[in-house]
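Taken in sequence, the protein lines are chains A and B.
Taking my numbering, the leading residue of the first sequence gets 1, the next gets one more, and so forth.
Taking my numbering, the leading residue of the second sequence gets 1001, the next gets one more, and so forth.
C-beta atoms are modelled at their ideal positions from N, C-alpha and C, and glycine is treated no differently.
Just so we're clear, the structure is a prediction, and the values are computed from it rather than from any experiment.
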Amino acid sequence: PSGGETHDEL
Amino acid sequence: MNIFRLLGDLSHLLAIIILLLKIWRTRSCAGVSGKSQILFALVFTTRYLDLFTNFISMYNSAMKLIYLVCSYATVFLMYFKFKATYDSNHDTFRMEFLVVPVGGLAFLVNHDFTPLEILWTFSIYLEAVAILPQLFMISKTGEAETITSHYLFALGSYRALYIVNWVFRFYTEGFFDLIAIVAGCVQTILYCDFFYLYITKVLKGKQLTLPA
């Protein structure tokens, strides 16, 4: 998936 | 989480702490671009709006809080407490030349046309160019304090490590975020000539001076 809805990176 | 991203986050945290300590202990923000620091505070503000609504992990929430507190503390020290030492004559990059195009691009190119996602995209694009006022200021003064060059090296290394993290995540999880990757590459490329000067000069104990 590109650019997940929730961004888990800082 | 992987080692590259962890090292990247620690490098980012180190940069933020180096700068804050430099200003606090020398009681001076000479050679530091206040405009870049305002842009970084804006980057964290627009990126971490989901701090209380979208819990990822204790680490994630703690780091977001630390980044937010430190970036605003740095701006406060520069524009209020140690305002007398702020070198506004050399910190003349026009922030609107960055914020306006980045804002427009965030509306046009994003993953999801929702307020939170557009603000997140804005923060990603803005972070890529937020260091320009600082690099511009150094090119105007022609030099940088050694501590400031360590700050810039740590800050530039953080996104370079994130690029390695994205390659790693692509091959191990099949995950990739093109917006973050493209912006991260632009951001890291902007540091290249600084990296060259840092490695050839500062690491040899010389003062970081730009060829006039």
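DSSP lists E1143(B) as the beta-bridge partner residues of T1209(B). For R1027(B), there are no neighbours in chain A by C-beta distance under 9 Å, as the nearest C-beta there is about 30 Å away. Relative to K1064(B), the option among T1074(B), F1082(B), V1043(B) and M1078(B) whose CA is nearest is V1043(B). Among the residues facing chain A, W1120(B) is included, as its CB has a counterpart in that chain under 8 Å away. Short of 6 Å from the beta carbon of L1098(B), and not among the five residues preceding or following it, lie these beta carbons of its own chain, in chain order: V1129.
Interface residue (Cβ-Cβ distance to chain A less than 8 Å): M1063(B) is classified as such. Note on geometry: alpha-carbon atoms of H1012(B) and H1150(B) lie some 12 Å from one another. Bridge pairing for F1195(B): absent [DSSP]. Against chain A, a Cβ distance below 7 Å from I1056(B) picks out D8. For L1021(B), the closest of T1074(B), I1038(B), N1002(B) and R1047(B) by C-alpha to C-alpha distance is T1074(B). Contact with chain A is absent for R1094(B), since none of that chain's Cβ atoms lies less than 8 Å from the residue's Cβ. Using a CB distance cut-off of 8 Å, D1091(B) does not count as an interface residue toward chain A. Here DSSP, grouped into helix, strand and coil, assigns F1113(B) to coil. S1071(B) places its beta carbon 8 Å or farther from that of P1133(B). According to the DSSP assignment, L1020(B) belongs to the alpha helix (DSSP H) that extends over I1003 to T1026.
Around L1105(B), the same chain offers Y1125 as residues with beta carbons nearer than 6 Å, after the five sequence neighbours per side are excluded.
Taking 8 Å as the cut-off, the beta carbon of T1209(B) is found no closer than this to the beta carbon of S1123(B).
Closest by C-alpha distance to F1076(B), out of L1135(B), M1001(B), L1019(B) and C1192(B), is L1019(B). Look at R1005(B): its C-beta is under 8 Å from a C-beta on chain A. Under the three-state reduction of DSSP output, T1148(B) falls in the helix class.
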